[in-house]
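Asks:
In my numbering, the protein residues as written are 51 to 742.
(1) Considering only residues of the same chain and omitting the five flanking positions on each side of residue 89, which have a CB-CB separation below 8 Å?
(2) With distances taken between CB atoms, is the gap from residue 70 to residue 174 smaller than 7 Å?
(3) Out of curiosity, what's the CA-to-CA distance linking residue 461 and residue 470?
(4) Here's the rule: buried if 16 or more other CB atoms are within 10 angstroms of the residue's CB, otherwise exposed. What is residue 123?
(5) Three Cβ pairs or more, each shorter than 8 Å: is that satisfied between the stretch 393-406 and the stretch 445-457?
(6) Measuring alpha carbon to alpha carbon, tell me which residue in 335, 525 and 667 is nearest residue 411.
(7) Please report the Cβ distance between residue 524 and residue 538, rounded to the nearest whole angstrom; I am assuming they are in contact, meaning their Cβ atoms lie under 8 Å.
(8) Could you check if residue 488 is buried or exposed, using at least 16 other CB atoms within 10 Å of its CB as the buried criterion?
(9) Since I believe residue 466 is in contact with residue 587 (beta carbons under 8 Å), could you give me their beta-carbon distance rounded to a whole number of angstroms?
(10) I'd like to confirm the pairing. Which residues does DSSP put opposite residue 357 in its beta bridges?
(11) Return the residue from the list 102, 142, 205 and 208 that minimises the CA-CA distance to residue 162.
(12) Check this for me: beta carbons of residue 559 and residue 345, under 7 Å apart or not?
(13) Taking Cβ positions only, does residue 477 come closer than 7 Å to chain B?
(14) Looking only at its own chain, which residues have a Cβ that is under 7 Å from the Cβ of residue 733, when we skip the five neighbours before and after it?
(15) For residue 143 and residue 91, which I take to be in contact (beta-carbon distance under 8 Å), what is that distance rounded to the nearest angstrom?
(16) If you draw a straight line from the alpha carbon of residue 176 to that of residue 76, how long is it in whole angstroms?
(17) Check this for me: beta carbons of residue 596 and residue 501, under 7 Å apart or not?
(18) At which residue ranges does the stretch 464-545 contain complete alpha helix (DSSP H) runs of 4 or more residues, listed in the order of the chain?
(19) Could you give the first and the last residue of the continuous beta strand (DSSP E) run that contains residue 583?
(20) Determine the DSSP secondary structure at residue 684, reduced to helix, strand or coil.
(21) Rounded to whole angstroms, what is the Cα-Cα separation between residue 166 and residue 121?
(22) If I measure Cβ to Cβ from residue 125 and keep anything under 7 Å in the same chain, skipping five residues before and after, which residues do I get?
(23) Could you spell out where the alpha helix (DSSP H) holding residue 170 opens and where it closes?
(24) Suppose the cutoff is 6 Å on Cβ atoms and the five residues either side in sequence are ignored; what does the same chain contact list for residue 185 look like?
(25) Which residue comes first and which comes last in the alpha helix (DSSP H) that contains residue 124?
(26) Looking at the structure shown, is residue 595 part of a helix, part of a strand, or coil, going by DSSP?
(27) Going by DSSP, what residues sit across from residue 558 in a beta bridge?
(28) Please go through the same chain and pick out, in chain order, the residues whose beta-carbon is closer than 8 Å to the beta-carbon of residue 381, but skip the five residues on each side of it.
(29) Could you pull the DSSP bridge partners for residue 392 from this structure?
(30) For the alpha helix (DSSP H) holding residue 77, just list the boundary residues, first then last.
(31) Take residue 561 as the anchor and find which of 659, 87, 455 and 337 has the nearest alpha-carbon.
(32) Would you list the residues sitting across from residue 604 in a DSSP beta bridge?
(33) Once you ignore the five residues that flank residue 109 on each side, which residues in its own chain have a CB closer than 7 Å to its CB?
(34) CA-CA distance, residue 153 and residue 141?
(35) Would you check if there are 3 or more beta carbon pairs closer than 8 Å linking the stretch 514-522 to the stretch 567-577?
(36) How about residue 598 and residue 505: are their beta carbons less than 7 Å apart?
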């Protein structure tokens with residue numbers, strides 16, 4: 051008899067399948083966007099993939115039997131277009147899209163978005179997982195988005211469930227085409243009632259077909275192995291990780307992002323919303339006491355943040371290179387500012403993570419480094435030329451202001467003109483500053499009065515929401531929200547100081563908040579120690595730190611130096627996961643006990659064929675106990691009996707008879723009666739009690 055051709059059953063793809071496929075792809079695209087610190091990119095692809103998946107869901111039924119056969123080819127064409135036109139497509143994204151080295155991530159995201167419009171069969175629904183896995187691999191190598199691991203686990207659950215559902219549909223079609231007796235229904239009946247067909251399939255020799263529970267179990271095993279094995283693998287490869295060069299995305303300089311704010315950029319934005327800092331060490335600093343470690347300075351406010359503008363006079367303090375070290379000419383240094391009230395601080399910085407700028411204390415006057423590894427800027431900071439090959443240890447000397455300054459220069463010194471500018475300052479901010487300093491005797495007193503007003507007016511909140519795009523960040527935090535974090539405090543200090551004639555600049559860097567030291571006595575600076583502050587220029591002292599966050603009230607759990615993993619242990623992710631697992635285990639154990647005690651009484655009695663299946667499993671166990679030979683999954687009942695026949699001896703004949711009767715009841719067309727089930731149960735008990 052010729053077997054019937056296997057026909058696709060794509061028309062039975064349901065809303066749940068599209069939901070699983072769309073969610074899996076959206077999780078990957080969102081992780082890629084967040085990996086480059088751009089929620090806009092992430093949500094762009096989430097919305098696009100959702101629209102495309104919905105369109106495919108509406109079209110798949112009329113196209114499944116006709117043009118739907120071409121969905122694979124259409125997906126391939128769209129994928130090729132996403133690759134060849136990746137730069138043009140990247141220009142359509144918010145936040146200027148992906149950077150040039152990361153265009154592969156852009157191509158993969160667009161492949162999923164465009165491909166989501168051609169998901170008319172199981173094959174294309176499942177193929178969406180291929181670019182998704184590649185994207186998760188990229189985000190994992192960047193290691194810039196902490197929640198990508200959680201999203202990847204959710205992605206695995208979605209794909210495993212989708213695969214199991216698609217596999218079931220294919221197995222049903224194959225079973226029906228093979229003429230399996232348990233599927234007497236016609237094809238249109240099979241497609242109309244997959245649940246009933248699936249149940250019949252499990253009653254016959256196809257009963258070992260993998261279902262959704264196997265997919266979920268497999269994903270769970272992968273998750274557990276990842277959680278347990280990842281730390282071991284990470285520790286194992288730690289010694290060789292320095293030889294592997296990975297292109298890490300440069301974030302969009304969002305305040306509170308230590309990697310982004312440590313990057314060399316001519317502009318930074320402020321008030322961009324909550325941030326998440328970690329306890330990862332950035333550097334170890336050998337200092338006489340905790341100090342502010344400056345990485346970059348900015349002197350021009352643009353309405354949303356800060357930019358940097360150098361004056362031609364800045365070139366007067368050219369750095370000299372002598373015997374492999376940077377030195378500041380004495381005359382140039384004195385021309386910039388008379389530092390009569392300063393002391394020399396010898397310092398040593400050991401970089402523990404790649405940075406684009408060297409964190410330094412005070413005003414550096416000497417730096418013992420490889421001249422090719424660093425590039426001095428006109429504001430006294432240093433850019434790291436190649437952060438993968440730069441010197442790991444840097445020694446130098448700085449001048450640090452001491453004593454209490456009194457006044458600012460009578461006229462703007464050369465190179466400080468931008469630090470006096472008041473362009474872009476909201477009139478309300480200017481008026482507040484002028485009112486606050488009324489009655490102050492010296493310029494320093496006026497600066498202190500401004501600092502105290504900001505501390506009184508604004509609460510420090512690392513989780514403060516982003517300032518709306520149509521609002522001035524400084525005016526908003528001073529007069530409306532009155533909550534923010536370091537970038538807004540520093541910006542307010544700079545603007546208010548300039549409003550009363552005090553030169554000021556916006557500074558980013560690190561401050562060892564915890565004061566922790568390593569085994570060599572060096573201050574250990576963490577990513578959570580990223581900070582922004584203001585520096586005001588005073589005659590005879592130079593740039594003096596004014597940190598308006600020092601005396602501000604801090605919101606509990608979101609204060610200065612707080613980090614995602616510095617919360618109480620019971621609030622951390624791993625602890626929550628442990629509590630959930632423990633709760634599920636306890637609930638499962640209690641449920642099991644209740645089920646054993648009361649469940650059988652609440653449910654209707656099992657069907658006779660189901661009871662026969664249980665009897666057969668008990669029969670196999672009894673044979674295994676007698677012969678000590680387990681039944682292989684591939685063996686039929688008769689093959690198993692023949693394999694253990696020598697060990698059964700005189701009991702083989704009775705076992706063969708009982709096995710034949712159970713086979714007939716289990717695989718026969720007629721449903722066994724409860725009376726016959728009771729007879730076979732007694733026969734099995736008698737056989738189990740006999741001895742050879």
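All C-beta atoms in this analysis are idealised placements derived from N, C-alpha and C, irrespective of residue type, glycine included. Note that this is a predicted model, so its numbers are computed, not measured.
Replies: For this structure:
(1) Position 39 of the chain shown, counted from the start, is the residue given in the question as residue 89. For residue 89, where only same-chain residues beyond five positions count, the Cβ hits under 8 Å are 83.
(2) The residue given as residue 70 occupies position 20 in the chain shown. The residue given as residue 174 occupies position 124 in the chain shown. Not a contact, by the Cβ cut-off of 7 Å.
(3) Your numbering for residue 461 matches position 411 in the chain shown. Your numbering for residue 470 matches position 420 in the chain shown. Between residue 461 and residue 470, the C-alpha separation is close to 10 Å.
(4) The residue you call residue 123 lines up with position 73 of the chain shown. It counts as exposed.
(5) yes
(6) Taking the first residue of the chain shown as 1, we reach residue 411 at position 361. For residue 411, the nearest C-alpha among the options comes from 335.
(7) As a working note, residue 524 is residue 474 in the chain shown. As a working note, residue 538 is residue 488 in the chain shown. Yes, they are in contact, since the Cβ atoms of residue 524 and residue 538 sit about 7 Å apart, within 8 Å.
(8) Within the chain shown, residue 488 is the residue found at index 438, counting from 1. So residue 488 ends up on the exposed side.
(9) Along the chain shown, one-based indexing puts residue 587 at 537. Along the chain shown, one-based indexing puts residue 466 at 416. 6 Å between Cβ atoms; contact.
(10) Here the question's residue 357 lines up with position 307 in the chain shown. Answer by DSSP bridge pairing, in chain order: 317 and 350.
(11) Indexing the chain shown from 1 puts residue 162 at position 112. Taking only the C-alpha atoms, the option nearest residue 162 is 102.
(12) For the purposes of this step, residue 559 is taken as residue 509 along the chain shown, with counting starting at 1. For the purposes of this step, residue 345 is taken as residue 295 along the chain shown, with counting starting at 1. Contact: yes.
(13) The displayed structure is made up of one protein chain only, and chain B is not part of it.
(14) Against the chain shown, residue 733 aligns to sequence position 683. Closer than 7 Å at Cβ, skipping near neighbours: 708.
(15) Within the chain shown, the letter at position 93 stands for residue 143. Within the chain shown, the letter at position 41 stands for residue 91. Rounded, the Cβ-Cβ distance is 5 Å, consistent with contact.
(16) On the chain shown, residue 176 is found 126 positions in, with the first residue counted as 1. On the chain shown, residue 76 is found 26 positions in, with the first residue counted as 1. Spanning the two alpha carbons is a distance of roughly 14 Å.
(17) For the purposes of this step, residue 596 is taken as the residue at position 546 of the chain shown. For the purposes of this step, residue 501 is taken as the residue at position 451 of the chain shown. Cβ distance < 7 Å, so residue 596 and residue 501 count as in contact.
(18) 477-486, 493-507 and 523-529
(19) Here residue 583 is taken as the residue at index 533 of the chain shown, counted from 1. For residue 583, the uninterrupted beta strand (DSSP E) segment begins and ends at 580-588.
(20) Within the chain shown, numbered from 1, the residue matching residue 684 stands at position 634. DSSP places residue 684 in coil when its eight states are reduced to three.
(21) For the purposes of this step, residue 166 is taken as the residue at position 116 of the chain shown. For the purposes of this step, residue 121 is taken as the residue at position 71 of the chain shown. Between residue 166 and residue 121, the C-alpha separation is close to 10 Å.
(22) The residue you call residue 125 lines up with position 75 of the chain shown. 165, 168, 174 and 177.
(23) Here residue 170 refers to the residue found at position 120 of the chain shown. Residue 170 -> no alpha helix (DSSP H), and no H or E assigned at all.
(24) Within the chain shown, the letter at position 135 stands for residue 185. Here the set comprises 78, 82 and 158.
(25) Against the chain shown, residue 124 aligns to sequence position 74. Where residue 124 is concerned, the enclosing alpha helix (DSSP H) stretches over 121-134.
(26) Here residue 595 refers to the residue found at position 545 when the chain shown is read from its first residue. Of the three classes helix, strand and coil, the one that applies to residue 595 here is strand, per DSSP.
(27) If you number the chain shown from 1, residue 558 lands on position 508. Partner(s): 346 and 582.
(28) Numbered from 1 along the chain shown, position 331 holds the residue referred to as residue 381. Low confidence applies here, because residue 381 scores a pLDDT of 42, under 50, leaving its location unreliable; read the following figure in that light. Excluding the 5 residues flanking it on each side, residue 381 has no same chain C-beta neighbour closer than 8 Å.
(29) As a working mapping, residue 392 is identified with position 342 in the chain shown. According to DSSP, which records beta bridges pairwise, residue 392 is partnered with 451.
(30) Sequence index remark: in the chain shown, residue 77 carries index 27 (1-based). Segment 65-85, the alpha helix (DSSP H) holding residue 77.
(31) Residue mapping note: residue 561 aligns to position 511 of the chain shown, counting from 1. The candidate whose alpha carbon is nearest that of residue 561 is 337.
(32) By 1-based counting over the chain shown, the position of residue 604 is 554. The partner list for residue 604 (beta bridge, DSSP) reads 510.
(33) Looking up residue 109 in the chain shown gives position 59. Only 170 meet the Cβ criterion.
(34) Locating residue 153 in the chain shown gives position 103, where the first residue counts as 1. Locating residue 141 in the chain shown gives position 91, where the first residue counts as 1. Near 11 Å, if we compare the C-alpha coordinates of residue 141 and residue 153.
(35) no
(36) As a working note, residue 598 is residue 548 in the chain shown. As a working note, residue 505 is residue 455 in the chain shown. Result yes, Cβ atoms of residue 598 and residue 505 sit closer than 7 Å.
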